[in-house]
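Structure first, then comments.
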Amino acid sequence: MFILSANDCCSSVEGLVVLTALLSDCPAVLELSIRLQSPVQVSIVFSGGREKAANEKSKILCLSCCDLLPAHLEKVWRSLGASSDLTLLDLSSNCLGKKGLKKLLEVLPRLGSIQEVNASNNGIGREGVALLAGALCSHNNLTQIHISGGDREQVILKFCHDKRKDKQRLKMFRINNSSILPSNVTTLCRQLASCRSHLELDLSHSSLTDKAIANLLKCLPKMTSLQRLNVSHSIMSTSGAVMLVRCLNVCQRVTSVELRPQSESFICFGIVKAEEVSCRLTHCRLKGDELERLLKILQQGPHLSNLNLSSNQLGDEGVKRFLDSLQTLKITSYVNLSGNGLTQEGVLDVVSALCNCNHVSGGEVCLGAEQKCLIWFTPCEGCVKTLSVRESRLEHDHLIRLAEIVSICPSLIKLEFKNNMLDSDWIADFVKLLNSSQRGVSVSIEEYWIRSEDAVSLLCRCLELGSNIHTIGVNNTTLHLSLMKSTELSEDSADLNPSMATKKISLVDCAMEGHHLASMESVITKCSSLTELDLSHNSLGAEGAEFLCSVLPSLPNLTSLSIDSKEPCVTVVEKLSEALLQAKAIQCLNLSGHVISDSAAHVMTRVLPTLRSLNLSHCEWSAAGGLQLLGALGESVRLEGLCLDSVQLSEESRVCLAHALRNIKSIRSLKLNKTATATGPSKENEVLQLLAATEGLTLMKEIELNGWRMADRGIEQLSRFLPAWTELRKISLSKNLISDQSGDQLLEALNRCCHLEELHLSSNSLGDLTAARMALVLPSLTHITVLDIAENKIGEEGSVNLAKAVTCLKNLTKLQLTSVGTSELCEVAASLAHCPLIQDVGLGWNNCGDKVAEELARVMPLCQKLTRIDLESNTVSVVGAEALVRALQLCPALQLIRLWRNKVPISVAKRLSQRDRRLNFSST
Numbered sequence: 001m002f003i004l005s006a007n008d009c010c011s012s013v014e015g016l017v018v019l020t021a022l023l024s025d026c027p028a029v030l031e032l033s034i035r036l037q038s039p040v041q042v043s044i045v046f047s048g049g050r051e052k053a054a055n056e057k058s059k060i061l062c063l064s065c066c067d068l069l070p071a072h073l074e075k076v077w078r079s080l081g082a083s084s085d086l087t088l089l090d091l092s093s094n095c096l097g098k099k100g101l102k103k104l105l106e107v108l109p110r111l112g113s114i115q116e117v118n119a120s121n122n123g124i125g126r127e128g129v130a131l132l133a134g135a136l137c138s139h140n141n142l143t144q145i146h147i148s149g150g151d152r153e154q155v156i157l158k159f160c161h162d163k164r165k166d167k168q169r170l171k172m173f174r175i176n177n178s179s180i181l182p183s184n185v186t187t188l189c190r191q192l193a194s195c196r197s198h199l200e201l202d203l204s205h206s207s208l209t210d211k212a213i214a215n216l217l218k219c220l221p222k223m224t225s226l227q228r229l230n231v232s233h234s235i236m237s238t239s240g241a242v243m244l245v246r247c248l249n250v251c252q253r254v255t256s257v258e259l260r261p262q263s264e265s266f267i268c269f270g271i272v273k274a275e276e277v278s279c280r281l282t283h284c285r286l287k288g289d290e291l292e293r294l295l296k297i298l299q300q301g302p303h304l305s306n307l308n309l310s311s312n313q314l315g316d317e318g319v320k321r322f323l324d325s326l327q328t329l330k331i332t333s334y335v336n337l338s339g340n341g342l343t344q345e346g347v348l349d350v351v352s353a354l355c356n357c358n359h360v361s362g363g364e365v366c367l368g369a370e371q372k373c374l375i376w377f378t379p380c381e382g383c384v385k386t387l388s389v390r391e392s393r394l395e396h397d398h399l400i401r402l403a404e405i406v407s408i409c410p411s412l413i414k415l416e417f418k419n420n421m422l423d424s425d426w427i428a429d430f431v432k433l434l435n436s437s438q439r440g441v442s443v444s445i446e447e448y449w450i451r452s453e454d455a456v457s458l459l460c461r462c463l464e465l466g467s468n469i470h471t472i473g474v475n476n477t478t479l480h481l482s483l484m485k486s487t488e489l490s491e492d493s494a495d496l497n498p499s500m501a502t503k504k505i506s507l508v509d510c511a512m513e514g515h516h517l518a519s520m521e522s523v524i525t526k527c528s529s530l531t532e533l534d535l536s537h538n539s540l541g542a543e544g545a546e547f548l549c550s551v552l553p554s555l556p557n558l559t560s561l562s563i564d565s566k567e568p569c570v571t572v573v574e575k576l577s578e579a580l581l582q583a584k585a586i587q588c589l590n591l592s593g594h595v596i597s598d599s600a601a602h603v604m605t606r607v608l609p610t611l612r613s614l615n616l617s618h619c620e621w622s623a624a625g626g627l628q629l630l631g632a633l634g635e636s637v638r639l640e641g642l643c644l645d646s647v648q649l650s651e652e653s654r655v656c657l658a659h660a661l662r663n664i665k666s667i668r669s670l671k672l673n674k675t676a677t678a679t680g681p682s683k684e685n686e687v688l689q690l691l692a693a694t695e696g697l698t699l700m701k702e703i704e705l706n707g708w709r710m711a712d713r714g715i716e717q718l719s720r721f722l723p724a725w726t727e728l729r730k731i732s733l734s735k736n737l738i739s740d741q742s743g744d745q746l747l748e749a750l751n752r753c754c755h756l757e758e759l760h761l762s763s764n765s766l767g768d769l770t771a772a773r774m775a776l777v778l779p780s781l782t783h784i785t786v787l788d789i790a791e792n793k794i795g796e797e798g799s800v801n802l803a804k805a806v807t808c809l810k811n812l813t814k815l816q817l818t819s820v821g822t823s824e825l826c827e828v829a830a831s832l833a834h835c836p837l838i839q840d841v842g843l844g845w846n847n848c849g850d851k852v853a854e855e856l857a858r859v860m861p862l863c864q865k866l867t868r869i870d871l872e873s874n875t876v877s878v879v880g881a882e883a884l885v886r887a888l889q890l891c892p893a894l895q896l897i898r899l900w901r902n903k904v905p906i907s908v909a910k911r912l913s914q915r916d917r918r919l920n921f922s923s924t
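In the numbering used here, the protein residues as written are 1 to 924.
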């Protein structure tokens, strides 16, 4: 290829016409560029001898700044000839006007290879815009027209020569940075209404007056091929934005409305399914008349899936006015009122609306940095309702008024308060008020100070105040309690003792120590109906054991005792074992993490045969003590649940356990994680012998054998048992050296377990063969809620089959695919659109890029219960992260997207996190 500069050989339009003929007469000429305005420039590009033939190369004609008039164009066309191979034509900065544009459009059918025409800065005027709109509709290969105003008018035409049918081709008409008059809107839309192909109309960065918007609304019903209307940065006022919401009423093809004055704004069109239309109107100043106009439009409009009115400066008054109209609105999923400057008074208004509106199922309010206010709906009247209030600095008066509202709303059954700066006295008064209403409700209250001695004190105070407390407990820093309806109280429990009705008390992982329990003794001994006591993950020590020994005789109905320990302790079981002998009603016992001495083991051998459930995970004992305990298990013929996770077993102990399992036909839940590990041929045989002992456990509902390393022989043996376990709900076989072939065999065996809900197969060697079997088997296991195949070796083909399987899992709530073996997970991400109950998705450590992130962004709004996505250690860039943060605006329930260790620069990550705090780029 070489370039010839011929600036001196052309100084007029006549010379230009002569040179133009070179493109058709001389095959070696690839590009001709002429400029007649000063400085004059003429260049000709020729192909080289070794290059492809000229007819295989793109040809370019640039006649910019040549003072061309409409009449000159006819000469240029004749000079070009009838068989031009032009791919790019530049006629910018001439004097063509509307007439010249018309001549250009007439010649387009002759330019069979054309890809782009530049007609910028030719003074085409408003009538020229209408001509271009008509051309877009009438010329099959013309697919995009870009017009931009400003200092230099830009007019670009783009072409596509594929063979798709008209309706399969998307065409775009874009007019930006222009002041569009109302009459121009009407003319433009009338022209585009005749377009048979799918159409996108882009009027962004232009000025649309209210009158122009009104004209646009009149035309929309006739634009039946319109797929998307872009009015970003074109809506100048709140009144214009509210007016544009009327598109919901005037055009039945609207699927979503997203409007924000002087920012991104879109309206999408298509085939509308019932109650799937969404509307988002944000960052306006919705006050007085504008709010009334909007409410009237919404009341007259179609059913909406969701309505987002966040950041509209509504304040308490505006929010209350909106809430008063809830009964008249047709919304099926949620309303987002976040960022509207609510105060505590507004919170009470939300609670009142929750109680008064039949179709409202829940409310979430946060007055902290998040400024969140969500109202959830259900199509069913008389539904149960939930309320969550976080970081709202509630005062005593607010809490009392809230209790009064809740007391007269029998359908509000779950209340959640988190970090509201409530003190102990206020909580006690709140519980007292709820108790006096004698209605059923579940309450959780999280405050940083509910720990240790304060946790015990608060629990005791609530018990003393509440005669209808059914269950009460503290877990970490959260108080949980449930109240029974007065009609559920038995005559015996409605006596003078206020705590007689309580069935369960728990203090779990709350830094409680044994000496703190002394203050509980006088209260707990009144709870004669108590059936469950859980003091797990604390430091009981000798004083805690003595407390239990003193209160157990006063609890004749106690059937479940859990004292799971964080650290090994020998004194607790030593002191407690004799008291357990006297507690005849206990059927469920959890001693996880304790040290069991030989003497305690001897006593416990008389306790075990009476139990239905036993948890001795992480316990320590001597070889002799272990044999005593495991021997006693053989006599526990009523045992339904057994957990021995991470217990060190000798060869003799394993034989003893295998013997016990053969005797206990009633087992329904068996957890032996890391109890047996095949580390050599002899150990492998021991594992297989222990596994063989489970064959007769046909009532099995839950089995966990993680870390056994049982390999193919073990899986083959287990696969023979599975068809008989028809009641199986959960199976966990992580870290078992399961090969792809064995995985295939295992899945085939699970086909009979039609009630299966959880399948855990992480950290094995499963591959495409197993994935193919999943595509065949999992569709029949319709109850699956959890699927975990993380850390395996699934390939690209396997991911396709996995996607087919996931598509059929309508009850799936958790999908764990961390380090699954392939980065090609787009189809898996797409399959989540068919999982309406999905809550948690793990895709970390897969080297996934932007395509997966963008596919997730597409399906996220369809998964309304989704709360967490993990994309740690992938290759998501700014493009994927931007897509996710945009999608988050349509996903109010989603709490976290983790993007640690991806390819997003720190500065961009900070900016995106500021846009939405739910996007998390760092563990710090």
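Idealized CB from N, CA, C, for every residue including glycine. Everything numeric in this text was worked out from a predicted model, so none of it was measured.
Does residue i come out as helix, strand or coil in the three-state DSSP assignment?
{"i": "Trp426", "result": "helix"}
{"i": "Trp936", "result": "Residue coverage of the chain in this structure runs from 1 to 924, which leaves residue 936 outside it and unanswerable."}
{"i": "Glu416", "result": "strand"}
{"i": "Glu14", "result": "helix"}
{"i": "Gly363", "result": "strand"}
{"i": "Asn874", "result": "coil"}
{"i": "Gln745", "result": "helix"}
{"i": "Lys432", "result": "helix"}
{"i": "Leu884", "result": "helix"}
{"i": "Val1002", "result": "Outside the modelled stretch of the chain, which goes from 1 to 924, sits residue 1002, for which no answer is possible."}
{"i": "His834", "result": "helix"}
{"i": "Leu691", "result": "helix"}
{"i": "Gly134", "result": "helix"}
Buried or exposed, going by whether 16 or more other CB atoms sit within 10 Å of the CB of residue i?
{"i": "Ala494", "result": "In this predicted model, Ala494 has a pLDDT of only 46, less than 50, meaning its place in the structure is not dependable; the value taken from the coordinates is given anyway. It is exposed - the Cβ of Ala494 has fewer than 16 other Cβ atoms within 10 Å."}
{"i": "Asp397", "result": "exposed"}
{"i": "Asp768", "result": "buried"}
{"i": "Gly112", "result": "exposed"}
{"i": "Ala660", "result": "buried"}
{"i": "Glu758", "result": "buried"}
{"i": "Gly346", "result": "buried"}
{"i": "Pro109", "result": "exposed"}
Checking 9 Å against the spacing of the C-beta atoms, do residue i and residue j come in under that value?
{"i": "Ile586", "j": "Gly634", "result": "no"}
{"i": "Leu747", "j": "Leu733", "result": "no"}
{"i": "Ser444", "j": "Lys418", "result": "yes"}
{"i": "Arg190", "j": "Thr224", "result": "no"}
{"i": "Cys383", "j": "Ser411", "result": "yes"}
{"i": "Gln689", "j": "Ala658", "result": "yes"}
{"i": "Thr332", "j": "Gly362", "result": "no"}
{"i": "Val17", "j": "Val107", "result": "no"}
{"i": "Ile297", "j": "Tyr334", "result": "no"}
{"i": "Ser311", "j": "Asn340", "result": "yes"}
When DSSP builds the beta bridges, which residues end up paired with residue i?
{"i": "Ser148", "result": "Gln154 and Asn176"}
{"i": "Asp788", "result": "His760 and Gln816"}
{"i": "Lys730", "result": "Glu702 and Glu758"}
{"i": "Phe159", "result": "Leu142"}
{"i": "Ile667", "result": "Ile667 is not bridged to any residue."}
{"i": "Ile114", "result": "According to DSSP, which records beta bridges pairwise, Ile114 is partnered with nothing at all."}
>> Check whether the segment 846-856 and the segment 876-890 touch, using three or more Cβ-Cβ pairs below 8 Å as the test.
In response: yes
> Is it a yes or a no for the segment 540-553 touching the segment 476-483, going by three-plus beta-carbon pairs under 8 Å?
Replying inline: no
>> Tell me whether the segment 206-213 and the segment 266-279 touch, counting them as touching only if at least three CB pairs, one residue from each stretch, are closer than 8 Å.
In response: no
>> Could you check whether the segment 604-619 touches the segment 631-651, counting it as contact only if at least three pairs of C-beta atoms, one from each stretch, sit closer than 8 Å?
In response: yes
> Using 8 Å as the Cβ pair cut-off and three pairs as the minimum, do the segment 721-728 and the segment 693-700 touch?
Replying inline: yes
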